[in-house]
Amino acid sequence: MCSNHGNRGVVYQGPGKVEVQNIPYPELALGGRKCDHGVILKVVSTNICGSDQHMVRGRTTAPAGLVLGHEITGLVVECGRDVEFVKPGDLVSVPFNIACGRCRNCKEGKTGICLNVNPARPGAAYGYVDMGGWVGGQAEYVMVPYADFNLLKFPDKDQAMEKIRDLTLLSDIFPTGFHGCVTAGVGPGSTVYIAGAGPVGLAAAVSAQLLGAACVIVGDMIDDRLAQARSFGCETIDLKQEGDIADKVEAILGVPEVDAFVDCVGFEAHACGCHHHEEKPATVLNSAMQLTRAGGQIGIPGLYVTEDPGAIDEAAKVGALSMRFGLGWAKSHSFHTGQCPVMKYHRQLMQSILFDKVQIAKAVNVQVISLDQAPNGYAEFDGGAATKYVIDPHGMVAA
Ligand SMILES: NC(=O)c1ccc[n+]([C@@H]2O[C@H](COP(=O)([O-])OP(=O)(O)OC[C@H]3O[C@@H](n4cnc5c(N)ncnc54)[C@H](O)[C@@H]3O)[C@@H](O)[C@H]2O)c1
Ligand SMILES: [Zn+2]
Ligand SMILES: [Zn+2]
Numbered sequence: 019m020c021s022n023h024g025n026r027g028v029v030y031q032g033p034g035k036v037e038v039q040n041i042p043y044p045e046l047a048l049g050g051r052k053c054d055h056g057v058i059l060k061v062v063s064t065n066i067c068g069s070d071q072h073m074v075r076g077r078t079t080a081p082a083g084l085v086l087g088h089e090i091t092g093l094v095v096e097c098g099r100d101v102e103f104v105k106p107g108d109l110v111s112v113p114f115n116i117a118c119g120r121c122r123n124c125k126e127g128k129t130g131i132c133l134n135v136n137p138a139r140p141g142a143a144y145g146y147v148d149m150g151g152w153v154g155g156q157a158e159y160v161m162v163p164y165a166d167f168n169l170l171k172f173p174d175k176d177q178a179m180e181k182i183r184d185l186t187l188l189s190d191i192f193p194t195g196f197h198g199c200v201t202a203g204v205g206p207g208s209t210v211y212i213a214g215a216g217p218v219g220l221a222a223a224v225s226a227q228l229l230g231a232a233c234v235i236v237g238d239m240i241d242d243r244l245a246q247a248r249s250f251g252c253e254t255i256d257l258k259q260e261g262d263i264a265d266k267v268e269a270i271l272g273v274p275e276v277d278a279f280v281d282c283v284g285f286e287a288h289a290c291g292c293h294h295h296e297e298k299p300a301t302v303l304n305s306a307m308q309l310t311r312a313g314g315q316i317g318i319p320g321l322y323v324t325e326d327p328g329a330i331d332e333a334a335k336v337g338a339l340s341m342r343f344g345l346g347w348a349k350s351h352s353f354h355t356g357q358c359p360v361m362k363y364h365r366q367l368m369q370s371i372l373f374d375k376v377q378i379a380k381a382v383n384v385q386v387i388s389l390d391q392a393p394n395g396y397a398e399f400d401g402g403a404a405t406k407y408v409i410d411p412h413g414m415v416a417a
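With our numbering, letter number 129 in the sequence shown gets 147, and the count goes up by one each step, no holes.
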């Protein structure tokens with residue numbers, strides 16, 4: 019057994035602070051719960067996400083001491099007794115959602131709201147507040163439960179290591195951006211507005227192109243991120259500038275509306291124009307209803323919470339936002355929220371990477387860093403860098 023290994027991971031220490039610390043080597047168990055269906059992974063790559071930033075900024079009830087990391091790719095080093103089809107030596111992508119494969123929702127493919135992996139509510143993830151207490155994977159080693167169900171094995175390890183900067187994005191943001199577009203109804207010839215040019219927004223923009231969109235418009239207030247979106251053929255809207263967003267869309271498309279809208283911002287949304295330093299949590303949802311054509315669909319991968327200690331007002335502290343819902347109703351809009359069920363998409367998107375149909379790492383500007391550089395990566399990402407930080411705990415990606 020490998021339990022004589024040490025382990026190190028990125029630990030949340032309180033608002034604005036993460037540290038790399040010694041943490042226990044994973045067991046095939048969680049608390050008192052046995053995980054004979056699980057495997058131990060040697061982590062090959064693990065990405066920092068905007069979802070982690072909500073916790074690290076102190077905008078959730080995440081406790082200090084939480085080991086972070088839900089975007090994991092790794093090598094199987096040990097299999098539990100009940101694992102049948104995954105083998106030591108397999109190189110695998112881990113969906114960030116933890117799913118049992120046995121409950122009603124898993125059977126319907128809704129793996130983001132599995133009923134058996136989190137006593138507090140449907141849905142679980144590694145290293146995340148309120149998500150079942152599973153230990154995060156921004157570490158050297160991590161345990162993955164229900165391995166036969168959850169893991170996606172790469173067909174050829176050498177080929178996969180060559181494309182690991184792209185494949186590492188299959189654990190979350192590529193499927194999440196794609197899901198945002200699918201649930202917004204993006205298809206051939208669509209006009210699409212993507213709110214947010216962070217890694218998820220950029221992944222959604224690439225996904226819209228992959229789905230055949232005619233025109234993809236990305237809105238943000240960070241210049242470098244907008245430039246990143248233009249680098250692969252998107253139109254952009256600089257939300258620091260004054261003026262109505264519909265007029266800006268009209269200047270690009272000739273009409274003040276789009277077929278499909280994807281919210282890749284979430285509850286820490288900022289106001290537009292001269293107030294762009296101020297938070298306005300419902301602003302993207304309201305823009306969605308303003309800009310989406312009657313009968314259109316709105317994909318909302320951006321995260322909204324039930325508890326936000328740092329919110330601007332009492333209502334927002336429990337996730338109650340001031341939406342003009344009547345407008346969406348009048349326009350017969352459909353809204354799609356929630357965790358992306360990664361498993362629905364990861365195999366197809368892996369194929370699009372392996373057959374060179376998409377350049378996702380380039381689009382989101384992947385930068386590989388060591389585990390010890392993680393605190394710095396968090397700080398730069400929080401500062402708005404147009405970069406997706408990928409932690410390489412064993413130097414396997416760099417090599
Ligand atoms: N549903 C899921 O399964 C899932 C998975 C991954 C991430 N997420 C969520 O997706 C969101 C984006 O993730 P990310 O990693 O790109 O985060 P990020 O913080 O890097 O990106 C958010 C971007 O939104 C921009 N922004 C702020 N206000 C805006 C506005 N009014 N209009 C347009 N842009 C605005 C910010 O400047 C920033 O560039 C987060 O809320 C994250 O938690 C959800
Ligand atoms: Zn993520
Ligand atoms: Zn389940």
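Glycine included, C-beta positions come from ideal geometry on N, C-alpha and C. Just so it is clear, the structure is predicted and the values come from calculations on it, not from any experiment.
Check	Outcome
Grab me the residues of C358's own chain with a C-beta within less than 7 Å of its C-beta, minus the 5 sequence neighbours each way, in chain order.	G130, P193, T194, H197, P319
Assess, as a yes-or-no matter, whether the stretch 330-347 is touched by the stretch 158-175 under the definition of 3 or more beta carbon pairs within less than 8 Å.	no
Name the residue from T209, H88, G313, C282 whose alpha carbon lies nearest to the alpha carbon of C252.	T209
Kindly indicate which residue of C53, L46, V62 has the alpha-carbon position closest to the one of D410.	V62
In the DSSP assignment, what are the bridge partners of T301?	For T301, which the question treats as bridged, DSSP gives no partner whatsoever.
Quick one: is T324 buried, meaning 16 or more other Cβ sit within 10 Å of its Cβ, or exposed?	exposed
Just to check, is the beta-carbon of M239 closer than 7 Å to a non-hydrogen atom of ligand 1?	yes
At a threshold of 7 Å, does N168 count as lining ligand 3 (C-beta to nearest heavy atom)?	no
Using the beta-carbon count (16 or more within 10 Å), is P217 buried or exposed?	buried
Cα separation between V408 and F399?	11 Å
Is it buried or exposed, W152, if we count other Cβ atoms within 10 angstroms and call 16 or more buried?	buried
Take L84 as the anchor and find which of K181, V36, Q227, G237 has the nearest alpha-carbon.	V36
Could you give the C-beta distance for L229 and A381, rounded to a whole number, given that I count them as a contact under 8 Å?	Not a contact, Cβ separation roughly 14 Å.
Just verifying my parser: in three-state terms, what is the DSSP assignment at A142?	coil
Classify I371 as helix, strand or coil using the three-state DSSP reduction.	helix
Compare the beta carbon distance of E89 and D184 with 8 Å and say whether it is the shorter of the two.	no
Could you give the first and the last residue of the continuous alpha helix (DSSP H) run that contains A223?	217-228
For M307, which three-state DSSP category applies?	helix
Just grab the DSSP bridge partners of I58 for me.	E96, M161
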